Amino acid sequence: MNKTVYIITGPTAVGKSEVALKLASKLDGEIINCDSIQLYKYLDIGSAKPSEEEMKIVPHHLFDMVDPDFNMTVATYQKLAFACINNILERGKTPILVGGTGLYINSVLYNMDFAAKPDTYERREELEKMAEERGAEYMHAYLTAIDEDCASRIHPNNTRKIIRAIEAFEAGEGIKPLDNCELNENYDFKFYALTMDREWLYAKINNRVLKLVKAGLVDEVKSLLDMGYTSDTQALKGIGYKEIIEYLEGKTDQKTAVLNIMKNTRHFAKRQLTWLRRYDNLNWIEIQNGQTSDEIAEYIYEDSIKGEN
RNA sequence: GCCCAGAUAGCUCAGUAGGUAGAGCAGGGGACUGAAAAUCCCCGUGUCCUUGGUUCAAUUCCGAGUCUGGGCA
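For the first sequence, the numbering used here begins at 5 and goes up steadily by one.
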């Protein structure tokens with residue numbers, strides 16, 4: 005059986021979805037979402053989800069999977085993604101994983117083991133309370149006492165990660181370094197990342213934020229709040245949502261909220277690029293000014309089949 | 001036209017009792033095994049507006065000029 009799996013990634017707003025759609029048409033492929041926010045229902049505009057029309061062109065999977073208050077994890081994503089990939093391959097089609105959530109991509113590309121039992125949120129709350137009362141240094145010292153090796157890899161200020169490490173230690177094995185993972189050899193990956201000149205990318209980001217606002221982002225957030233979701237809801241901590249909530253709560257004006265979305269999106273794109281630089285098996289595609297998504301898809305198609313008969 | 005206050009990093013500003021300067025933001029780089037659109041770390045040379053003067057030494061003090069605010073006419 006053919007085991008080819010395409011992965012199309014890159015920073016937010018670079019144009020992944022469009023290219024993937026074109027590529028899917030050429031390959032008789034099906035698109036699998038690899039974006040942590042697009043997994044959620046009702047978060048359509050702010051997450052820049054493909055439109056209903058686009059989803060009709062080729063099959064789209066793992067969009068609108070869970071309610072906004074669902075506690076999504078990489079482990080859950082990994083399970084969903086493997087099931088989806090296998091199903092597509094069994095039907096003789098080509099899976100195309102599309103998205104910018106680096107850790108999620110990693111969970112498919114590499115053998116990440118999530119077999120250990122998940123921690124409980126009660127314990128997490130306890131640890132968070134402990135961190136608040138005793139401070140970051142104490143938490144790091146505590147982790148050092150129980151799992152020195154792991155503690156040495158986490159910055160003392162990164163309380164969130166320290167708490168996770170304590171949870172993981174208590175659940176069994178503790179957390180292992182990412183770079184220990186072996187490539188997942190169940191599939192033949194064609195791994196591509198789109199990128200472009202930083203200035204253009206940032207201009208594109210700013211532009212897209214404006215478009216999202218015009219498309220009704222504020223109303224989307226309002227309706228989510230009307231449904232009973234709050235700023236504590238995990239999905240609503242995503243970029244574009246948290247800033248609009250601040251505005252709706254009167255903490256900022258709309259203009260500031262929009263500028264904050266732009267800024268946070270730029271920061272995010274930068275972090276995505278940093279993450280992706282870790283992969284030496286990644287094919288970077290530097291998009292040139294004026295290049296169309298068709299051309300890029302064509303390039304990926306040609307590049308990926310060359311050397312094969 | 002007159003009076004007052006500014007002019008220092010991409011932006012907003014601090015500072016130097018005269019010995020060529022530093023914060024926040026923006027920007028750049030990095031880390032990452034169950035929240036990842038999360039969380040965390042590191043990175044600051046710039047005609048200190050121009051030009052005279054005083055001085056061993058001026059971004060700093062004094063004078064003049066230019067520009068920008070505010071006030072008075």
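For every residue, glycine included, the Cβ atom is placed at its ideal position computed from N, Cα and C.
From a predicted model like this one, the values you see are computed outputs, not experimental measurements.
Quickly, what does DSSP pair His-65 with across the bridge? List them, please. For His-65, which the question treats as bridged, DSSP gives the partners Ile-36.
First through last residue of the alpha helix (DSSP H) which encompasses Val-23: 20-31
Could you tell me whether any non-hydrogen atom of the ligand NAD is closer than 7 Å to the CB of Gly-178? Judged by which ligands are present, the structure shown has none, so any question about the ligand NAD falls away.
Please give the ranges of any beta strand (DSSP E) in the segment 43-111, keeping only runs that are unbroken, at least 3 residues long and fully inside the region. The segment 43-111 is shown to contain whole beta strand (DSSP E) runs of 3 or more residues at 98-102, in chain order.
From which residue to which residue does the alpha helix (DSSP H) around Leu-240 run? From DSSP, Leu-240 is part of no alpha helix (DSSP H); its letter is neither H nor E.
Put Thr-269 into one of helix, strand or coil per three-state DSSP. helix
Under 8 Å: do the segment 55-67 and the segment 84-91 share three or more Cβ pairs, one atom per stretch? yes
Could you give the first and the last residue of the continuous beta strand (DSSP E) run that contains Asn-211? Per DSSP, Asn-211 belongs to no beta strand (DSSP E); it is in the alpha helix (DSSP H), 202-218.
Counterpart residues of Asp-192 in DSSP-defined beta bridges: Thr-8
Would you report the Cα separation of Lys-60 and Cys-38, rounded to the nearest angstrom? Pairing Lys-60 with Cys-38, the inter-Cα distance amounts to about 18 Å.
For Ile-158, name the three-state secondary structure that DSSP assigns. coil
What are the partner residues of Trp-279, as DSSP defines its beta bridges? BP columns for Trp-279 are empty, so no partner.
If distances are taken between C-alpha atoms only, which option among Asn-210, Ile-249, Ala-219 comes closest to Leu-229? Ile-249
Rounded to whole angstroms, what's the CA-CA distance from Glu-137 to Leu-147? Just pull it up for me. In this structure, the straight-line span from the alpha carbon of Glu-137 to that of Leu-147 is close to 16 Å.
By the DSSP assignment, the beta strand (DSSP E) with Glu-290 in it spans what residues? 287-290
I'd like the list of long-range same chain contacts for Leu-27, defined as Cβ closer than 8 Å, with 5 residues on each side in sequence excluded. Tyr-10, Ile-12, Gly-33, Ile-100, Ala-301, Ile-304, Tyr-305
How many whole angstroms separate the CB atoms of Val-23 and Ser-297, which I take to be in contact at a CB cut-off of 8 Å? 5 Å
Under three-state DSSP, which class holds Thr-296? Residue state for Thr-296 is assigned as coil, using DSSP reduced to three classes.
Could you compute how far the alpha carbon of Glu-174 sits from the alpha carbon of Gly-19? 42 Å
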